[in-house]
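A quick write-up on the structure given underneath.
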Amino acid sequence: MHYYSTNRNSDDVSFRKATVNGIAEDGGVYVPADIPVVPEAFFRNMPAMGLKDIAYVVMNTLIGDDINSGYIKEIISEALNYDIPVLRLGNSDIFSAELFHGSTGSSKDLGARFMARIFQQFFSDNTDSEVIVLASVTSESGVAIADALCGVEPFRVLVVFPKGKLSSASKEKIFSLEHNIRPVEVRGSVDDCLAMIQAAMSDSQLRENVRLTSANSINIARLLPTVIQYFWIWSQMVSAGVDPNQIVISVPCANLGSFAAALIAVKMGLPLKRIIAASTVNNAFVEYLQTGRYNPADHKDTLAPCLDIMQPLNFPRVIDLLKGLGTEVVGCAVSDNEIVHTAASLSESYGYSADPHTCVSAAALIKKLSDGESGAFLATLSPDELLCHNTSQQIRHESISPTYQALKRIIDPIHTY
Numbered sequence: 010m011h012y013y014s015t016n017r018n019s020d021d022v023s024f025r026k027a028t029v030n031g032i033a034e035d036g037g038v039y040v041p042a043d044i045p046v047v048p049e050a051f052f053r054n055m056p057a058m059g060l061k062d063i064a065y066v067v068m069n070t071l072i073g074d075d076i077n078s079g080y081i082k083e084i085i086s087e088a089l090n091y092d093i094p095v096l097r098l099g100n101s102d103i104f105s106a107e108l109f110h111g112s113t114g115s116s117k118d119l120g121a122r123f124m125a126r127i128f129q130q131f132f133s134d135n136t137d138s139e140v141i142v143l144a145s146v147t148s149e150s151g152v153a154i155a156d157a158l159c160g161v162e163p164f165r166v167l168v169v170f171p172k173g174k175l176s177s178a179s180k181e182k183i184f185s186l187e188h189n190i191r192p193v194e195v196r197g198s199v200d201d202c203l204a205m206i207q208a209a210m211s212d213s214q215l216r217e218n219v220r221l222t223s224a225n226s227i228n229i230a231r232l233l234p235t236v237i238q239y240f241w242i243w244s245q246m247v248s249a250g251v252d253p254n255q256i257v258i259s260v261p262c263a264n265l266g267s268f269a270a271a272l273i274a275v276k277m278g279l280p281l282k283r284i285i286a287a288s289t290v291n292n293a294f295v296e297y298l299q300t301g302r303y304n305p306a307d308h309k310d311t312l313a314p315c316l317d318i319m320q321p322l323n324f325p326r327v328i329d330l331l332k333g334l335g336t337e338v339v340g341c342a343v344s345d346n347e348i349v350h351t352a353a354s355l356s357e358s359y360g361y362s363a364d365p366h367t368c369v370s371a372a373a374l375i376k377k378l379s380d381g382e383s384g385a386f387l388a389t390l391s392p393d394e395l396l397c398h399n400t401s402q403q404i405r406h407e408s409i410s411p412t413y414q415a416l417k418r419i420i421d422p423i424h425t426y
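Numbering (our numbering), first residue to last: 10 to 426.
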């Protein structure tokens, strides 16, 4: 399978080159040119299959032309060494897909761990030459990426995060990982961090001197494994007796990686009736789905800070993937009051605990689910995580201004540009 740039001003590339490049040479994001459809028999067999078996079929369908099937199985065995429970809440038609049972307690573990193993294979040609991996992170993604690549050669990982926006627990985990992990605090917003990463990845002069790639979900090697979770959720709901043609999934939207993966799953043949794009009040993407216009307003702090991204890097990819989808897509913005109410309602009605980001997904599902349908919300973070977006914890680290030149000096302190 080949991948084209959303800017359509560079050549199509292989999975290997798309992974190594991170983004296209023209600054666009890579999208699969022809998404393969899985056989009809797979859907009949899925409810009786295990998670790793489903994962293998999905990933072999997507990247089997580029990666040896034996290595795909090996990666899945190591990356998916945990369960993804899909739990029915009481006797309702609502399910929770708990994606947080990996090593760092977040939904990002699967994509980060799979990507790390792909990186090892694709950059193994020259292990003496350092590869700098850029990651603009929120709490959950930062810990997952740092954990997956900690101690892995020849990578040096720059974990770029906005000041005051990491939870105390996440900050402690990231800073405890030494070796090749370098935290970089930016005195700005998460959108500033993403823009700085985008600028570095698009800097052809820099890339002549430095081996560079990105670990954000714009990297196709991190995005594609996320497709697995949607096939698994569907199979578990069908196993629970749900009508396979009446399944709705609510996806919390930030950088739109998980949402893009859901669209790819549908294009592979997954028969979802509806996909809900759940957001906080920073709801520019929800408004885009409703009006066709993308006009991000001023950023507002919310109880779900990991979702408060105004300029998602996957947006161009999503625009392309929405074309000819054939499945209904709706948006739903959730206020802080609704987050609090949903957390209390889940606890009181079902004895279920959920973090604020999960509550955004759950609230959107509850509002948008119709009679006769069954739905799943994505539980993206363990409720045990301490999610405060202001932390007073003092840990020694690098702090830079929200400018690309400041980051560039860290990436390459040797050359003068």
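Even glycine gets a Cβ: it sits at the ideal position worked out from N, Cα and C.
Exercise for the section: Tell me whether R231 sits in a helix, a strand or coil according to DSSP, three-state version. Expected result: helix
Practice task
Compare the beta carbon distance of G266 and S226 with 8 Å and say whether it is the shorter of the two.
Solution key: yes
Practice task
Say whether the stretch 114 to 124 touches the stretch 184 to 200, bearing in mind that this needs 3 or more beta-carbon pairs closer than 8 Å, one atom from each stretch.
Solution key: A contact between stretches requires three or more CB pairs, one per stretch, nearer than 8 Å, and the stretch 114 to 124 fails this requirement with the stretch 184 to 200.
Practice task
Report buried or exposed for R283, applying the criterion of at least 16 other Cβ atoms within 10 angstroms of its Cβ.
Solution key: buried
Exercise for the section: Note down the Cα distance separating F132 from V161, rounded to an integer number of angstroms. Expected result: 11 Å
Exercise for the section: Going by CA-CA distance only, name the one from P163, C202, I190 that's closest to K174. Expected result: C202
Problem - Per-residue DSSP class, three states only, for F51 - result: Assignment of F51 by DSSP, reduced to helix, strand and coil, places it in the helix class.
Handout entry: Nearest neighbour of L281, chosen from N291, R220, P253 [CA to CA]
Key = Taking the Cα of L281 as reference, the smallest distance to any Cα among N291, R220, P253 is reached at P253.
Handout entry: For A155, the nearest candidate out of K172, K180, D134 (CA to CA)
Key = K180
Problem - Collapsed DSSP secondary structure at R418 in the structure displayed - result: DSSP, read as helix, strand or coil, puts R418 in helix.
Handout entry: Cβ-Cβ distance between C387 and P305 below 8 Å
Key = The residue asked about is misnamed: residue 387 is Leu in this sequence, not Cys. Contact: no.
Exercise for the section: Determine the DSSP secondary structure at S383, reduced to helix, strand or coil. Expected result: It is a strand residue.
Problem - N-terminal and C-terminal residue of the beta strand (DSSP E) that F104 is part of - result: Where F104 is concerned, the enclosing beta strand (DSSP E) starts and stops at 103 to 107.
Problem - V260 - containing beta strand (DSSP E), residue span - result: 256 to 261
Practice task
Could you name the residues that DSSP lists as bridge partners for A155?
Solution key: Paired residue(s): none; A155 is not in a bridge.
Exercise for the section: Take every Cβ of the stretch 366 to 379, pair it with every Cβ of the stretch 335 to 350, and state whether three or more of those distances are shorter than 8 Å. Expected result: yes
Exercise for the section: Compute the Euclidean distance between the alpha carbons of A57 and A274, then round it to the nearest angstrom. Expected result: 19 Å
Handout entry: Nearest to Y359 (by Cα), restricted to the options Q129, R97, N189, D380
Key = R97
Practice task
State the Cα-Cα distance for the pair D6 and D317, rounded to the nearest angstrom.
Solution key: The question about residue 6 has no answer here: the residues shown for the chain are numbered 10 through 426.
Practice task
From the DSSP output, in three-state form, read off Y13 for me.
Solution key: Strand, per DSSP.
Exercise for the section: Pick out whichever of L221, S259, E87, G36 has its Cα sitting closest to the Cα of N323. Expected result: Among L221, S259, E87, G36, the Cα nearest to that of N323 belongs to G36.
Practice task
Taking 8 Å as the cut-off, decide whether the C-beta atoms of F170 and N189 are in contact.
Solution key: Inclusion of F170 and N189 in the CB contact set at 8 Å is not warranted, their separation being larger than that value.
Problem - Closest residue to F294 among T311, P325, T336, A42 (Cα-Cα distance) - result: P325
Handout entry: A313 (DSSP reduced to helix, strand or coil)
Key = coil
Handout entry: Proximity below 8 Å, CB of S379 to CB of G340
Key = no
Problem - Nonlocal neighbours in the same chain, by C-beta distance under 7 Å from V251, ignoring five residues either side - result: Answer for V251: S383, listed in chain order.
Problem - Residue burial classification, P41 (beta-carbon count within 10 angstroms, cutoff 16) - result: Burial call: buried.
Practice task
Provide the residue span of the alpha helix (DSSP H) that contains F324, from first to last.
Solution key: 324 to 331 is the span of the alpha helix (DSSP H), which, as asked, contains F324.
Practice task
Compute the beta-carbon to beta-carbon distance between A363 and L355, rounded to the nearest angstrom, for a pair I have assumed lies under 8 Å.
Solution key: 5 Å
Exercise for the section: Select from T311, Q299, S244, K276 the residue whose C-alpha is nearest the C-alpha of D43. Expected result: K276
Problem - DSSP state of S145 mapped onto helix, strand, coil - result: strand
Problem - Residue from R191, D393, M319, L298 with nearest C-alpha to E407 - result: R191
Exercise for the section: Just the C-alpha distance for Y297 and Y303, rounded to the nearest angstrom, thanks. Expected result: So the two alpha carbons sit approximately 5 Å from each other.
Exercise for the section: May I ask you to verify whether the stretch 139 to 146 touches the stretch 101 to 109, counting CB pairs closer than 8 Å and requiring at least 3? Expected result: no
Exercise for the section: Please check the pair L158 and V166, which I expect to be a contact at CB under 8 Å, by giving their CB distance rounded to whole angstroms. Expected result: 5 Å
Handout entry: Simplified DSSP assignment, three categories, for R196
Key = coil
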